[in-house]
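See structure below.
2 protein chains.
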Amino acid sequence: MSIQEPRTRIQRKNHQAILEAALEVFARSGFAAATLDQIASEAGMSKPNLLYYFPSKEAIHLTLLSQLMDTWLDPMRDIDPDGEPVEELLAYVRRKLQMSREMPRESRLFAHEIIQGAPHMGPELETVLRPLVMEKAAIVADWSAAGRIATVDPVHLIFSIWSLTQHYADFDVQVRKVLGPGRDPWDEAAAHLETLFGRMLAP
Amino acid sequence: MSIQEPRTRIQRKNHQAILEAALEVFARSGFAAATLDQIASEAGMSKPNLLYYFPSKEAIHLTLLSQLMDTWLDPMRDIDPDGEPVEELLAYVRRKLQMSREMPRESRLFAHEIIQGAPHMGPELETVLRPLVMEKAAIVADWSAAGRIATVDPVHLIFSIWSLTQHYADFDVQVRKVLGPGRDPWDEAAAHLETLFGRMLAP
DNA sequence: CGGATTTCTGACCATGCGGTCAGGAAAGAC
DNA sequence: GTCTTTCCTGACCGCATGGTCAGAAATCCG
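Given below as structure tokens:
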């Protein structure tokens, strides 16, 4: 695919610059509307040079997606079965919201891909995402059964957390236009979600 | 723009067929990736004939978006200030979820547009959406102040309802892959959201 | 019927795109 | 230094796409 393990300094630097630029452009315009010229320009190099490092537009996109999947799921991996249930879940919400706040481009890239029907990530959704969700859902189900949190459908609880946190990244424009100037969506979201999930989960 | 008021039967029929086909294609692929040939083919006509009814790809997209905005907000318009607060809001959630369920293509079209930064709907968000949200938020704030529902940020409550209901349409693929076969996302979502907002709003 | 109007089509064009290629410039090895 | 490898570029190609146009069908209207 691309140059396997960047050896030289130059390779590492350009490899990185391309991925960074591509993230920006793909997140802004989606895969189809993004052009290699835009990415190359954003990365400060010529199109042929860009294609010296990656064999195709698709390859860049794929690299980005698979790199993303990992970091994107980290907040969920950190849910601790031995922690205090409500606090553990609220902490997850906080981590997820913070991630959306700090990585809105990644969130949008993901959103583009899923809305399109996940044409490039179909398999990984089942091999990586699903098992992890099942594992964590089981933990939540246990907490629920033990009466340590209110009764919930664990998987849909997770969907709710994804939906609400990513909403503020993906629909940022809408949120800001409705709130009007002078309000900080993210700070307000943090407080709101704390309340929402607090009430939802209280045993 | 397009043929203003379709007079003949043929015009009405083809006009409609084009919009229906375009909705399908735009929702599936997004604006940039959609092609006039696809839309024409889906509508059962030739590309030049399609362009006899609409002057450009953009015009079709715009027509679709502005038509959509109206129906999309209907469930919110029906919130009744004189109704029983909790039930009124839960009914809104139900209407919104049902709309996402029955019109997932419209939901995705909308999502595409907003993620891209709402390049075609910027104004309408402020002139149509914002005032309506403000109006309904005021009602919710009153209910809140009167102790008839729990204390909530009204606007973020509305965001939450949008986010959660549309999630099941926009991220349908992901939801289904995680849930696995044999489970009905929509029925489960209905129950889950009933619980979630019930607990959130109980005074 | 016949003429006017609407509806439709095949052929075409200009543009922008992803990707290639031959070879020049830098950088590294000795 | 010189030779080799890596890095980079301008010019180019084939193709798909949005859109045009001259005119053929079909429909409407008397």
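Residue numbers (this note's numbering), protein chains in the order written: chain A, 1 to 203; chain B, 1001 to 1203.
Using N, Cα and C, we set each Cβ at its ideal position, and we do this for glycine too.
Min CB distance residue i to chain B below 7 Å
{"i": "ASP170 of chain A", "result": "yes"}
{"i": "VAL133 of chain A", "result": "yes"}
{"i": "MET1 of chain A", "result": "Here the model assigns MET1 of chain A a pLDDT of 36, short of 50, so the residue's position is not dependable and the matter cannot be decided."}
{"i": "VAL173 of chain A", "result": "yes"}
{"i": "VAL86 of chain A", "result": "no"}
{"i": "ALA118 of chain A", "result": "yes"}
{"i": "ARG130 of chain A", "result": "yes"}
{"i": "MET99 of chain A", "result": "no"}
{"i": "ALA22 of chain A", "result": "no"}
{"i": "HIS167 of chain A", "result": "yes"}
{"i": "LEU164 of chain A", "result": "yes"}
{"i": "LEU199 of chain A", "result": "According to the sequence shown, residue 199 of chain A is Arg rather than Leu. Yes, contact with chain B."}
{"i": "LEU196 of chain A", "result": "yes"}
The ligand HEM heavy atom lying under 6 Å from the CB of residue i
{"i": "LEU1109 of chain B", "result": "As far as ligands go, the structure on display features none, and thus does not contain the ligand HEM."}
Rounded distance between the beta-carbons of residue j and residue i, thought under 8 Å
{"i": "ALA1202 of chain B", "j": "ALA1150 of chain B", "result": "6 Å"}
{"i": "ALA34 of chain A", "j": "PHE26 of chain A", "result": "5 Å"}
{"i": "HIS1019 of chain B", "j": "THR1071 of chain B", "result": "The sequence as given places Leu at residue 1019 of chain B; His does not occur at that position. Wrong, their Cβ atoms sit about 13 Å apart, outside the cutoff."}
{"i": "ILE1039 of chain B", "j": "ALA1022 of chain B", "result": "5 Å"}
{"i": "ALA145 of chain A", "j": "PRO154 of chain A", "result": "ALA145 of chain A to PRO154 of chain A, Cβ: 10 Å. No contact."}
Beta-carbon proximity check, residue i vs residue j, cutoff 7 Å
{"i": "ARG1095 of chain B", "j": "PRO1081 of chain B", "result": "no"}
{"i": "GLY217 of chain A", "j": "VAL1173 of chain B", "result": "The structure shown has nothing for residue 217 of chain A, since chain A only spans 1 to 203."}
{"i": "LEU36 of chain A", "j": "LYS13 of chain A", "result": "no"}
{"i": "LEU1068 of chain B", "j": "GLU1024 of chain B", "result": "no"}
{"i": "LEU1065 of chain B", "j": "MET1121 of chain B", "result": "yes"}
{"i": "ARG197 of chain A", "j": "LEU90 of chain A", "result": "The question names Arg, but residue 197 of chain A in the sequence shown is Phe. Yes; because the gap between Cβ atoms is below 7 Å, this pair is in contact."}
{"i": "VAL178 of chain A", "j": "ARG1077 of chain B", "result": "no"}
{"i": "ARG1171 of chain B", "j": "ILE114 of chain A", "result": "The question names Arg, yet the displayed sequence has Phe at residue 1171 of chain B. For PHE1171 of chain B and ILE114 of chain A, yes; Cβs fall inside 7 Å."}
{"i": "PRO85 of chain A", "j": "ARG148 of chain A", "result": "yes"}
{"i": "PHE110 of chain A", "j": "HIS61 of chain A", "result": "no"}
{"i": "HIS1156 of chain B", "j": "HIS15 of chain A", "result": "no"}
{"i": "TRP1186 of chain B", "j": "ARG1101 of chain B", "result": "yes"}
{"i": "ARG1199 of chain B", "j": "MET200 of chain A", "result": "yes"}
{"i": "ILE79 of chain A", "j": "GLU88 of chain A", "result": "yes"}
Proximity test, Cβ basis, 7 Å: residue i and chain A
{"i": "LEU1125 of chain B", "result": "yes"}
{"i": "ILE1115 of chain B", "result": "yes"}
{"i": "THR1008 of chain B", "result": "no"}
{"i": "ARG1105 of chain B", "result": "no"}
{"i": "PRO1203 of chain B", "result": "no"}
{"i": "GLY1015 of chain B", "result": "Sequence check: residue 1015 of chain B is His here, not Gly. No, HIS1015 of chain B does not count as interfacial toward chain A."}
{"i": "ALA1111 of chain B", "result": "yes"}
{"i": "ARG1012 of chain B", "result": "no"}
Exercise for review: Determine contact between the region 166-182 of chain A and the region 1155-1171 of chain B, defined as no fewer than three beta-carbon pairs at a distance below 8 Å.
Suggested key: yes
Exercise for review: Output, in sequence order along the chain, the residues in the region 27-46 of chain A whose CB is closer than 8 Å to any CB in chain B.
Suggested key: ARG28, SER29, GLY30, PHE31, ALA32 and ALA33
Review point. Listed in chain order, which residues of the region 1069-1083 of chain B have Cβ atoms closer than 8 Å to some Cβ of chain A?
Key: none
Review point. What residues in the region 1175-1194 of chain B bring their beta carbon closer than 8 Å to a beta carbon of chain A?
Key: Legend: CB atoms of the region 1175-1194 of chain B lying less than 8 Å from CB atoms of chain A belong to residues VAL1175, LYS1177, VAL1178, LEU1179, GLY1180, GLU1188, ALA1189, ALA1191 and HIS1192.
Point to revise | Chain-ordered residues of the region 1144-1157 of chain B with a beta carbon less than 9 Å from chain A | key: ALA1150, THR1151, VAL1152, ASP1153, VAL1155, HIS1156 and LEU1157
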